[in-house]
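**Student:** Residues in the sequence shown are numbered from 36 upward in steps of one, following the numbering used here.
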Amino acid sequence: MAATWAKPTPRSRFSWAVPNSSSSSLERRGRDAAIHSRVTCAFCHRAADDGLQLGPLASHACLPCARRLGMRLLERPTTFVPIWPLLADDDDGSPEPKVRLSDGRTVELRERTAEMKRELSMDKRVELAEMLGPLGLPREQLLEAAFVLTEAEPPLAQRAMDVLFDARSTPADVAHLERLLLPS
Ligand SMILES: [Zn+2]
36 MAATWAKPTP
46 RSRFSWAVPN
56 SSSSSLERRG
66 RDAAIHSRVT
76 CAFCHRAADD
86 GLQLGPLASH
96 ACLPCARRLG
106 MRLLERPTTF
116 VPIWPLLADD
126 DDGSPEPKVR
136 LSDGRTVELR
146 ERTAEMKREL
156 SMDKRVELAE
166 MLGPLGLPRE
176 QLLEAAFVLT
186 EAEPPLAQRA
196 MDVLFDARST
206 PADVAHLERL
216 LLPS
């Protein structure tokens, strides 16, 4: 089990939404956004110095809205199925996978991963979010990115955004999210 956590698959379609961007350029982009550019949040419409780009879309979120998005995603993931259909994957009724530990015990994978994740630093949680999709766990990937958004600062929060918003994201998704995040 431990070995599968060791190394993210580089440059998967889930990891980096911007073509030709490297880790360093993405971090630079995060810093530049924080220092130089004021953006308007697509959700609350306030100007933000710490705006996070919504993946490849020409839209941004302020940090408080990004945190709210992360929290709502964790609390009520099925609310967001219209935007991220993969969040519905858990409802297929299949039994939770189990893993066998080195001491011979068999536990639910969910239980074991929750235990392991509590020991990880935030940058490791981001790496985990980036690798879960390529490992075939897209729902867990989205929820892991949501967790990162609830606590991380840029540029780690930007990487979580890049997991959530990829080439499949549309401006209509952003409009839908705006309604979900700021109920009238
Ligand atoms: Zn906002």
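Every residue, glycine too, gets a C-beta built ideally from N, C-alpha and C. For clarity, every value in this text was computed on a predicted model and none was experimentally measured.
Just checking my contact of H95 with A83 at CB under 8 angstroms: how many whole Å lie between their CB atoms?
**Tutor:** That belief holds up - the Cβ atoms of H95 and A83 are roughly 7 angstroms apart, short of 8 angstroms.
**Student:** Below 8 angstroms, can you find three or more Cβ-Cβ pairs linking the segment 184 to 192 to the segment 162 to 172?
**Tutor:** No, the segment 184 to 192 is not in contact with the segment 162 to 172.
**Student:** If you drop the 5 nearest sequence neighbours on each side, which residues of the same chain put their C-beta closer than 7 angstroms to that of K42?
**Tutor:** Any answer about K42 is weak, because its pLDDT of 45 lies below 50 and its placement is not dependable; what the coordinates show is given next. Correct list: empty, nothing qualifies.
**Student:** Where does A202 land, buried or exposed, given buried means 16+ other C-beta within 10 angstroms?
**Tutor:** Exposed is the call here.
**Student:** Measuring CB atoms only, is the segment 127 to 134 touching the segment 197 to 214, in the sense that at least three cross pairs come out at less than 8 angstroms?
**Tutor:** Flag = no, the segment 127 to 134 and the segment 197 to 214 do not touch.
**Student:** Quick one: using the 10 Å Cβ neighbour count with 16 as the cut-off for buried, is P33 buried or exposed?
**Tutor:** Absent from the structure is residue 33, since the part of the chain shown begins at 36 and ends at 219.
**Student:** Since E143 is in the beta strand (DSSP E), which residue starts that stretch and which ends it?
**Tutor:** Note, E143: beta strand (DSSP E), 141 to 143.
**Student:** At 4 residues or longer, what runs of the alpha helix (DSSP H) sit wholly inside the segment 138 to 205?
**Tutor:** Within the segment 138 to 205, the complete alpha helix (DSSP H) runs of at least 4 residues are 144 to 152, 157 to 167, 173 to 186, 191 to 199.
**Student:** Out of I118, T141, E179, M151, which has the shortest C-alpha to C-alpha gap to L215?
**Tutor:** Taking only the C-alpha atoms, the option nearest L215 is I118.
**Student:** Under a three-way DSSP split, which group does L92 fall into?
**Tutor:** If DSSP states are grouped into helix, strand and coil, L92 belongs with coil.
**Student:** Cβ of A192 within 8 angstroms of Cβ of A101?
**Tutor:** A contact, by the Cβ cut-off of 8 angstroms.
**Student:** Starting from the C-beta of Q176, find all residues in its chain whose C-beta is less than 7 angstroms away, skip the five residues before and the five after it, and write them out in chain order.
**Tutor:** Cβ neighbours of Q176 beyond the five flanking positions: F49, A164, L167, G168, V198.
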